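Participant: Take this structure, written in structure tokens, and hold onto it; I'll ask about it next.
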Amino acid sequence: MKKKLLIVFALVLLVASGLWLVPSGGNPGNEFRTTTITRGNISQVVTANGSLKPMEEVSVGTQVSGKIEKIYVKLNDEVKKGQLLAEIDPSIPETTLRQSRASLETTKNSYLLAKRNLERTRSLYAREFVARIELENAEQSYLSAKNSLESVKIQVERDEVNLGYTKITSPINGVIIAQEVSQGQTMAANFQTPNLFKIASDLSKMKIDVSFSEADISKVKNEMPVTFTVDAFPDKIFEGKVVTVNLNPNNQSGVVTYTVTVEVENNEKLLLPGMTAFVSVILSETKDVLRVPAGALRFSPPEESKSGFSRLFSLGMRPARPSRGDSGEALQTIYLLKDGAPHEVSVTTGSTDETFVEISGDGIKEGDTVITGILPQRKR
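Counting from 1 along the sequence shown, just add 375 to a position and that's the residue number in our numbering.
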């Protein structure tokens, strides 16, 4: 009988202690920062910036000097391969060509004369009417006239080509994205080829050259998916894929980077050359999983915010929390907000990115309120 009374007394004391430890208001002055458990995708990414460029870009120059006489295109015009873009004043090349052709006629006559003289001298030599030296002189004159004729022919061909260079044509199908000359401007091509136009190939496909650090380049592979944004459309996410990982390093002030080329579809023609792209290369992606912000796994509530029995456990009566699940996977703790107080739940974590962590386990579901921190107490 005494033993039963002692047991009843101990139970009453235990319950009374628990009730004494339960805060009357449920949450004694603490307001929690909360969010909900959501379902979505978790991606592991590496990020960098780059500039959008056409897949193919050609600078069109001139190989002859002269004044720009006519320009037939303007910025943003679509052009076809071989289309006439501009003309340089052909006066000087035409004059030079006429001189060469005149020299050609003179040299041709000299060649024919030397040829007939050689034939006549050979005939005379055969009949022993002339000495051997005269035959050799005739042969030398013929060879010299022949070489001169070939040289003048080459000069005429070169002048004809130069005259053709006064007509500037497009080497590819594309769009004029830069015009660096104006009508009437004089171009000097003596030392380097002046650029007149810059033509981009079809802008429905573009590329981004992105520099990645040596710490990240080993993770980037061909065909990996890419997402990126541009300042012109901050709320729109564009997609692409890695097509080239350039193994040639760039070393600037001791910082080593590698260039990665990303191919981009631009069917809507929203992207323009030169735009800055904020690129994320997706290394791996886990889809349609329960996830919480990473801060939820770092949160630990103060003792006064726990329920009465939880406080008893925290004072030495709580059994040790298992660190591993039944299958051996690592467990971590999150706190769900129920009835104004935090409730501890053990979960298994999975993939993570810079924002979210994948979780799974019993006692959690999409939409549950999870605690990520404590709001500062308001002054009274």
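We put the beta carbon where it would ideally sit given N, CA and C, even for glycine.
Since this is a predicted model, take the numbers as computed values, not measurements.
I'd like to know if the segment 406 to 415 and the segment 739 to 750 are in contact, where contact means that at least 3 CB-CB pairs between them fall below 8 Å.
Facilitator: Cβ pair count under 8 Å is three or more, so yes.
Participant: Note down, in chain order, each residue of its chain lying with its Cβ closer than 6 Å to the Cβ of Leu647, except the 5 sequence neighbours on either side.
Facilitator: Nothing meets the Cβ criterion.
Participant: With 16 other CB atoms within 10 Å as the buried threshold, where does Ile417 fall?
Facilitator: Buried: at least 16 other Cβ atoms inside 10 Å.
Participant: Among Ala669, Pro429, Thr723, Thr727, which residue has its Cα nearest to the Cα of Asn548?
Facilitator: Looking at the Cα atoms, Pro429 is the closest of the given residues.
Participant: In terms of residue numbering, what span does the alpha helix (DSSP H) encompassing Pro468 cover?
Facilitator: 466 to 501 is the extent of the alpha helix (DSSP H) around Pro468.
Participant: Tyr517 by DSSP, collapsed to three states: which one?
Facilitator: Here Tyr517 sits in helix by DSSP.
Participant: Tell me whether Ile529 is buried or exposed, calling it buried when 16 or more other Cβ atoms sit within 10 Å of its Cβ.
Facilitator: Exposed is the call here.
Participant: Mark Tyr710 as exposed unless 16 or more other C-beta atoms lie within 10 angstroms of its C-beta, in which case mark it buried.
Facilitator: Buried: at least 16 other Cβ atoms inside 10 Å.
Participant: Alpha carbon to alpha carbon, what distance is there between Leu472 and Phe608?
Facilitator: If you take the alpha carbons of Phe608 and Leu472, they lie about 55 Å apart.
Participant: Specify the secondary structure class of Ile417 as computed by DSSP and reduced to three states.
Facilitator: Three-state result, Ile417: strand.
Participant: Measuring only the C-alpha atoms, how far is Val631 from Phe653?
Facilitator: Taking the straight line from one Cα to the other gives about 20 Å.
Participant: With DSSP run on the structure shown, which of helix, strand or coil describes Lys662?
Facilitator: Residue state, collapsed to three classes: strand.
Participant: In chain order, what residues of the same chain have a beta carbon less than 6 Å from the beta carbon of Glu432, not counting five sequence neighbours either side?
Facilitator: Closer than 6 Å at Cβ, skipping near neighbours: Ala575.
Participant: Could you tell me the alpha carbon to alpha carbon distance between Pro624 and Lys594, rounded to whole angstroms?
Facilitator: Approximately 16 Å, taken between the alpha carbons.
Participant: Counting only the same chain and skipping the five closest in sequence on each side, list residues whose C-beta sits under 7 Å from that of Leu690.
Facilitator: Low local confidence applies: a pLDDT of 37 at Leu690 is under 50, so the model's placement there is unreliable, with the coordinate-based value given in what follows. So the list is empty, once near-sequence residues are dropped.
Participant: When burial is assigned at 16 or more other CB atoms within 10 Å of the CB, is Ala520 buried or exposed?
Facilitator: Buried is the call here.
Participant: For Asn492, I'd like the list of residues in its chain whose CB is within less than 8 Å of its CB, leaving aside the five on either flank, ordered along the chain.
Facilitator: Excluding sequence neighbours, Asn492 sits near Ala513, Ser516, Tyr517.
Participant: Could you give the C-beta distance for Lys449 and Ile551, rounded to a whole number, given that I count them as a contact under 8 Å?
Facilitator: With a Cβ gap of about 7 Å, Lys449 and Ile551 count as contacting.
Participant: Can the beta-carbon of Val317 be found less than 8 Å from the beta-carbon of Ser475?
Facilitator: Residue 317 lies beyond the range of the chain shown here (376 to 755); nothing can be said about it.
Participant: Pick from Gly425, Asp584, Ser726, Thr437: whose alpha carbon is nearest that of Glu555?
Facilitator: The candidate whose alpha carbon is nearest that of Glu555 is Thr437.
Participant: Take Val435 and list the residues in its own chain whose beta-carbon comes closer than 8 Å to its own, dropping the five residues that flank it on each side.
Facilitator: Leu460, Ile543, Ser545, Pro546, Asn570, Leu571, Phe572, Lys573, Ile574, listed in sequence order.
Participant: My guess is that Glu617 and Glu640 are in contact by the Cβ rule of under 8 Å, so how many angstroms apart are they, rounded?
Facilitator: For clarity, residue 617 is Val in the given sequence; the question names Glu instead. Not quite, the Cβ-Cβ distance comes to about 14 Å (not below 8 Å), so this is no contact.
Participant: Return the CA-CA distance between Asn484 and Ser526, expressed in angstroms with no decimal places.
Facilitator: Asn484 and Ser526: Cα-Cα distance of roughly 14 Å.
Participant: Looking only at C-alpha atoms, which of Ser478, Asp606, Tyr447 sits nearest to Ser426?
Facilitator: Checked all of Ser478, Asp606, Tyr447; the closest Cα to Ser426 is Asp606.
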